[in-house]
Amino acid sequence: MKYLIDTHLLIWTALNSAKLSAKARNILSQGDATYFFSAASIWEIAIKRAKNPALLPFDAASARKLFIATGFSELGITAEHCAAVESLPAIHADPFDRLLIAQAKTDGCILVTHDRFVASYGDFTIMV
């Protein structure tokens, strides 16, 4: 199984946060799965931290290194991913989440999220 983990869950996993649900911890502990983080999550962290440095305990470059050290594989953004955003229903307006949805759908991943709007995109999403 291939899982793409949304930005909040990545941050909570890296920080071993109590916000990470038991369901999320269970999904993230499957030994036979591959876990990805999107380059879009690093971009999102960079933008949010630039606006408010106190919001996150690490910068985007450090986040990338931390996610890799935690065992996640990096998923780059392709033109195919970007084009797939256009065909998504307008359920969610956040451009980062829409790109994650398109990446998961295009690459055959299950998108793990805590956002009910993201989870409403279909059977390739799991809400935790």
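In our numbering, the protein residues as written are 25 to 152. Ideal placement from N, C-alpha and C gives every residue a C-beta, glycine not left out. Computed from a predicted structure; not experimentally measured.
- Remark: fewer than three beta-carbon pairs, one from each stretch, lie closer than 8 Å, so the segment 104-117 and the segment 45-61 are not flagged as touching.
- Sequence-distant partners of Lys-43 (beyond 5 residues in either direction) whose C-beta falls short of 7 Å from its own C-beta, in its chain, are Trp-36.
- Judged by DSSP secondary structure, Ile-29 falls within the beta strand (DSSP E) whose first and last residues are 26-29.
- Distance from the CA of Val-109 to the CA of Ser-62, rounded to the nearest whole angstrom, comes to 15 Å.
- In summary, Asp-121 is buried, with 16 or more beta-carbon neighbours lying within 10 Å of its beta-carbon over all protein chains present.
- By the criterion of a C-beta distance shorter than 6 Å, Ala-128 is surrounded in its chain by Leu-28, Leu-135 and Phe-148, once the five residues flanking it on both sides are discounted.
- If you check the CB distance, Ala-93 and Ile-66 do not come in under 8 Å.
- Per the coordinates, the alpha-carbon of Asn-40 lies some 28 Å from the alpha-carbon of Gly-146.
- In its chain, beyond the 5 residues on either side, no residue has a beta carbon closer than 6 Å to the beta carbon of Asp-131.
- In the DSSP assignment, Thr-137 falls outside any alpha helix (DSSP H) and within the unbroken beta strand (DSSP E) covering 134-137.
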